[in-house]
Structures are given as C-alpha cells and as structure tokens.
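Note sheet for the following structure.
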Amino acid sequence: MEETIKQDSFKAWVLAARPKTLSGAIVPVIIGLALAWVDAREYGSWIFNWVPAALCLLFATLMQIDANFINDFFDYAQGNDEAETRLGPLRACTQGWVKIDSMKRAIALTTCTACLVGLPLVFFGGLEMLVVGLLCIVFCFLYTTHLSYIGMGDILVFLFFGIIPVCTTYYIQLHTCTWQVFIASLACGAVIDCLLIVNNYRDRENDQRDGKKTLVVKIGADWTEWLYLTLGIFAILAGLVFWFYGHVLAFLLPLLYFIMHVLTWQKMKRIHAGRELNVCLAETARNILVYGLLVVLGILLV
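Here it is in structure tokens:
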C-alpha cells in the first residue's frame, strides 16, 4: 500500500531533495579538502581554513538540492515524468507531493541561498570564484532543460562532480592546484558518473521514446554495462596518483569500493531492465560515499 504524503509537508520536501544523491555533492569536496589539509602541513604552518571548507560543503549540497528541484520541476513541466511510466523513484511534482508554484519558489530560494553561501568564497579564492559559481548555477539549469537531451550529462558530471569541485576546493585553501589533484578529480568524476549511467540505463527505453539522446541511448545497453565497469576500473587506476603522491592507503583502501562496484555491476547486468534497477541506483550512491570516505581516510592516515 502506497504511503500518503501530505502536500508541501516536511517529508514531501525531504523526498524532493533526494538525500541519497547528496553523496555525489559531498564526496568531491571532502576529497579536495583532505588533499589540501595534508599539503598545508608541508608549508610549516596550519594554513588550512575551516570557514571556506564549510562554505564549500554547504554550497555543493545546496546546488545538488537545487539541481534535484529543477529536475523534478522541468521533467514534470515537459511531460517527461509520467507517474504511470516512470521507472525511477517517485518524484514530488508528478506525485503531487509538492505544488508546482511551491517548487518554483523553492528553486528560486535554493538558488539565491546557494549564491549567498558561495559569495564569501570570493574573499578566500579570488574573483575567479564568481565565474565558478556562475557556471555551477547556469549548468544546473541547462542540464535538465537541454544538455541531458543531447548526451552531455556524463561530460557535465566529470566537470561539476569531479574537476571543478575537487580542484576548486583545493585551490581555495592553497591558491594553487597540482596535477595530482587534477587526476584525483578525474577519478572522483568517474565514480560519480556511475550514478548517472545506471539511472540512464534504467530509463533508456523511455528516454529513446521521448527523444532524449543520452549516452546510454547512443551506445546501447550492452556497451553501457561495460562502461559502468570501466569507470570503476579507471577510478582505481587513476587512484595510483595517491600512491605516487605518498598516500599509499588512499590507493589501497578504495579497492574495497571496487569490490562493491563489481558486485553492483553484476547485479545491474542480471536485472538488465525495469524498476528493480533502482536497487543498483541506491547501491551506486552508497558506493560513491564509501569511495569518498575510503579515499579521505587513506589521505589523512599518513
């Protein structure tokens, strides 16, 4: 029996925020912070600043929630989120948990709040932080409204859940960025892209019907399954940078993540289609968090 959710209730907004997806926003920031923390000690003094660290975490979290609200609203408005055919977790606007006007106000409020939280980062990282923040906001809207329809989603994940958050978080602390940090950001992007891959893998038939040309639609189900596995392999191999960087455990500990990744991949292949793939989606979100925590633990245990 389906639970009744009171419209615009606290629970409705929690569900609309999609808390399980927040690991994708938090993990890149904590990896960037961990790298900055250990590198700051090499300067002979503790120059690590907790204020911008907290602001980076809060900004990333708010932007992820904002992206979820935007996705919820525009997919409903464009008719791509029908309750009868939807395979993924239920959405707030489609189910009537949140009023359409309420969602519009929530998007405006969350976007403005993220701007207010991110603005002080200019003081710590320079005016270039304005450019980074503006790009985050613009592409937050463009992804759902346009870019996801032309197969650009995976590129955006590498940029906005890998390169930009990891490197920017590090840069704000030390005002520089190293090639090691950049490679670590690519590994992070690969891990998080798996969440989009399994999501689009589940929705491939509906997306093809609606003219949404995701990467999964373009390459097909079989190649997507191998892509999912390959992203995990790439993340581990790119993690060799931690070994050369002097953080051996940051390479070794994520091997536990890779075992979980392979098990999810096997389950994904076995299920192949339908709503049951939501189990793989939830496991992938869990795997992302595990990866992030293991990398951070490996970096700090020196």
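Under our numbering, read the sequence shown as residues 9 to 310, first letter to last.
Ideal Cβ placement from N, Cα and C applies to all residues, glycine included.
Consult DSSP for residue 97 and reduce its assignment to one of helix, strand or coil.
coil
From which residue to which residue does the alpha helix (DSSP H) around residue 288 run?
286-308
Using alpha carbons as the reference points, say which of 308, 57 and 309 lies closest to residue 181.
57
Can you check whether the CB of residue 209 is closer than 8 Å to the CB of residue 276?
The beta carbons of residue 276 and residue 209 sit closer together than 8 Å.
What residue range is occupied by the uninterrupted alpha helix (DSSP H) comprising residue 19?
18-25
According to DSSP, is residue 10 helix, strand or coil?
Its pLDDT being 49, under 50, residue 10 is placed unreliably by the model, and the measurement read from it follows with that caveat. Per DSSP, reduced to three states, the secondary structure at residue 10 is coil, with no helix or strand assignment.
Taking three-plus beta-carbon pairs below 8 Å as touching, is the stretch 231-241 in contact with the stretch 181-194?
Remark: fewer than three beta-carbon pairs, one from each stretch, lie closer than 8 Å, so the stretch 231-241 and the stretch 181-194 are not flagged as touching.
Go through its chain and collect everything with a Cβ distance to residue 144's Cβ below 6 Å, but skip five positions before and after it.
71
Just reading off the alpha helix (DSSP H) that residue 161 is part of, what are its end residues?
161-166
Mind checking which residues open and close the alpha helix (DSSP H) that includes residue 274?
262-279
Can you give, in chain order, each stretch of the beta strand (DSSP E) that sits fully within the stretch 103-174 and has at least 3 residues?
none
With a threshold of 16 other CB atoms inside 10 Å of the CB of residue 31, please say whether the residue is buried or exposed.
It counts as buried.
Leaving out five residues before and five after residue 47 in sequence, what residues of the same chain have Cβ atoms less than 7 Å from its Cβ?
182
Please report the distance separating the alpha-carbon of residue 255 from that of residue 297.
Going by the C-alpha atoms only, they are around 19 Å apart.
Which same chain residues, not among the five before or five after residue 76, have their C-beta less than 8 Å away from its C-beta?
24, 25, 26 and 29
If you reduce the DSSP assignment to three classes, tell me which class residue 15 lands in.
coil
Suppose you measure from the CA of residue 73 to the CA of residue 250; what does that come to, to the nearest Å?
In this model, residue 73 and residue 250 are separated by some 30 Å (Cα to Cα).
Smallest Cα separation from residue 260: which of 304, 160, 130 and 99?
304
Would the stretch 167-178 and the stretch 35-44 be scored as touching if the rule is three or more Cβ pairs under 8 Å?
yes
Can you list, in chain order, the residues of its chain whose CB lies under 6 Å from that of residue 44, leaving out five sequence neighbours each side?
Result list for residue 44: 178, 181 and 182, in chain order.
Can you list, in chain order, the residues of its chain with a C-beta nearer than 6 Å to that of residue 10? Leave out the 5 residues immediately preceding and following it.
In this prediction, residue 10 has a pLDDT of 49, which is less than 50 and means its spatial position is unreliable; what the coordinates show is noted afterwards. Its chain contains no residue whose beta carbon lies nearer than 6 Å to that of residue 10 once the 5 sequence neighbours on both sides are disregarded.
Between the beta-carbon of residue 223 and the beta-carbon of residue 159, is there less than 8 Å?
Result yes, Cβ atoms of residue 223 and residue 159 sit closer than 8 Å.
Beta-carbon proximity check, residue 194 vs residue 246, cutoff 8 Å:
yes
Check residue 185 in the structure and name its three-state DSSP category.
coil
Along the chain, where does the alpha helix (DSSP H) containing residue 236 start, and where does it finish?
First-last of the alpha helix (DSSP H) with residue 236: 229-246.
Apply the 10 Å Cβ neighbour rule to residue 269 and answer buried if 16 or more other Cβ atoms are within range, or exposed otherwise.
buried
Could you check the C-alpha separation between residue 4 and residue 215 for me, to the nearest Å?
Residue 4 is absent from the model: the chain starts at 9 and stops at 310.
Residue span of the alpha helix (DSSP H) that contains residue 217, given as start and end
212-217
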